[in-house]
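Presented below is the structure to which this report refers.
2 protein chains.
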Amino acid sequence: MGVGPADVAGDAFQDLMPFNHCWGCGADNPAGLRLKSRWSPDDPEVALAAFRPRAEHMAGPRHVLNGGIIATILDCHGVCTSVADAYRREGRAIGRGDTIWFATGSLDVRYLAPVPVDAAVELRARVIEHGERKTVVDCTLVAAADVCAPSIRGACSPSVAAGSE
Amino acid sequence: MGVGPADVAGDAFQDLMPFNHCWGCGADNPAGLRLKSRWSPDDPEVALAAFRPRAEHMAGPRHVLNGGIIATILDCHGVCTSVADAYRREGRAIGRGDTIWFATGSLDVRYLAPVPVDAAVELRARVIEHGERKTVVDCTLVAAADVCAPSIRGACSPSVAAGSE
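Just so you know, the sequences run in chain order A and B. Going by my numbering, 22 is the number at position 18 of the first sequence; the sequence numbering is gapless. Going by my numbering, 125 is the number at position 121 of the second sequence; the sequence numbering is gapless.
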């Protein structure tokens, strides 16, 4: 357990991505969640992120993590894994050369079990399909007790315009 | 256009639901988005909500609404429409008698077009399937220019425990 910054090597994807003002993960958005994703040191095909919710991120009941926050961090971790994967396939460091960006085309979340709001959660993502116009990422949220919580497939279309601002 | 509080009759679902601390829509969560949903005055099967994003709710590019925020308000509007529908089917006002609550089982969002962050969005939900253990809600987000943006089907399972806190 414990996928924190000390456990995974290298700078976070988000810290290397230019023009990322995203509420969920943008290094350039001080009011956002500021999710950080990195390649796993144990499996180069897997990207990891840890997220510690704030108390206000509760669902209807106070002790459960909000489903919208869960969807947000799954989406951000999936998109940023797509971006990091695309740079890697081109043999470039993230943020070097022409900007690569993806926009989510669809987001399917299965909520399998309640996630406690008072502990860090782990996210694990893997690109399972990549093409000219679509990349598909499997992303899973694991709660503190090793119970798999939601999982997701996010289909991301490469986006050119997003990096231009 | 303009589905605001003045355009739809009655108190918001969320203001009548007890124990709702939800980050997306809870009246009891001052730090959250505080989404408000109401039955349409024109179609009793449709629930409406208006949401005005804050600037910080941007996606990677500054002018686009974040996909996680979109998922959050679609989810909240869908769940609260399920709750309101369930009370109505039992002939009770929302919040009267035993508490009815739903937890989202799955959330499928299709992002059809970018949504501007600097204008209010409209949400329209309709229960399309209801059973003992599952309710399905179609929910659509409409952006300022009348362009349909994402749509969703959220399958919500009735939850007993959520109302007990």
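All C-beta atoms, glycine included, are put in the ideal place defined by N, C-alpha and C.
At a cut-off of 8 Å between beta-carbon atoms, tyrosine 91 (chain B) makes no contact with chain A. Boundaries for aspartate 142 (chain B): no alpha helix (DSSP H) harbours it, while the beta strand (DSSP E) harbouring it runs 139-146, taken from the DSSP string. Residues of the segment 101-123 of chain A that bring their beta carbon within less than 8 Å of a beta carbon in chain B comprise Trp105, Ala107, Thr108, Gly109, Ser110, Leu111, Asp112, Val113, Arg114, Tyr115, Pro118, in sequence order.
Inclusion of alanine 88 (chain B) and phenylalanine 17 (chain B) in the CB contact set at 8 Å is warranted, their separation being smaller than that value.
Neighbours of arginine 137 (chain A) across chain B, judged by C-beta separation under 9 Å, do not exist; the nearest C-beta is about 14 Å away. With contact defined as three or more Cβ pairs closer than 8 Å, the segment 77-85 of chain A and the segment 35-46 of chain B are not in contact. Excluding five sequence positions before and after tryptophan 27 (chain A), the CB atoms of its chain that fall closer than 8 Å to its own CB belong to Asn33, Ala35, Gly36, Leu37, Thr76, given in chain order. Within chain B, the residues Glu60 have their CB atoms less than 7 Å from the CB of alanine 35 (chain A), given in chain order. In the DSSP assignment, alanine 90 (chain B) falls within the unbroken alpha helix (DSSP H) covering 71-93. Within chain A, no residue has its beta carbon less than 9 Å from that of alanine 51 (chain B); the closest one is some 17 Å off. Rounded to whole angstroms, the gap between the alpha carbons of aspartate 79 (chain A) and alanine 124 (chain B) is 23 Å.
Comparing C-alpha distances from threonine 108 (chain B) to each of A:Ile73, A:Glu49, A:Ala59, A:Ala31 shows the shortest one belongs to A:Ile73.
Closer than 9 Å at the C-beta level to chain B, one finds these residues of the segment 78-89 of chain A: Leu78, Asp79, Cys80, Val83.
Shortest Cα-Cα distance from leucine 127 (chain B) to any of B:Ala147, B:Glu133, B:Gly135, B:Pro120 involves B:Ala147. For cysteine 26 (chain A), the chain B residues whose Cβ falls inside 8 Å of its Cβ are Met62, Ala63, Gly64, Asn70, in order along the chain. Put simply, the backbone Cα of proline 48 (chain B) is about 25 Å away from that of arginine 114 (chain B). Per DSSP, leucine 37 (chain B) lies in no alpha helix (DSSP H) and is assigned neither H nor E. In the assembly as shown, isoleucine 132 (chain B) is an exposed residue. Its beta-carbon has fewer than 16 other beta-carbons within 10 Å. A straight-line Cα-Cα distance of about 41 Å links glycine 99 (chain B) and alanine 31 (chain A). Per DSSP, the continuous beta strand (DSSP E) segment holding aspartate 112 (chain B) begins and ends at 105-114. The C-alpha of threonine 103 (chain A) is placed about 32 Å away from the C-alpha of asparagine 70 (chain A). With respect to aspartate 112 (chain A), aspartate 112 (chain B) sits close: the two C-beta atoms are nearer than 8 Å. Straight-line measurement puts the Cα of leucine 116 (chain B) at about 20 Å from the Cα of histidine 134 (chain A). Isoleucine 132 (chain A) has a beta carbon lying at 8 Å or more from every beta carbon in chain B. Contact with chain A is found for alanine 75 (chain B), since one of that chain's Cβ atoms lies less than 8 Å from the residue's Cβ.
Boundaries cannot be given for phenylalanine 23 (chain B), as no alpha helix (DSSP H) includes it and DSSP labels it neither H nor E. Residue state for alanine 63 (chain A) is assigned as coil, using DSSP reduced to three classes.
Listed along chain B is no residue with a C-beta nearer than 8 Å to that of glycine 95 (chain A); the closest approach is about 23 Å. Residues of chain A with a Cβ closer than 7 Å to the Cβ of phenylalanine 55 (chain B) do not exist, since the nearest Cβ in that chain sits about 12 Å away.
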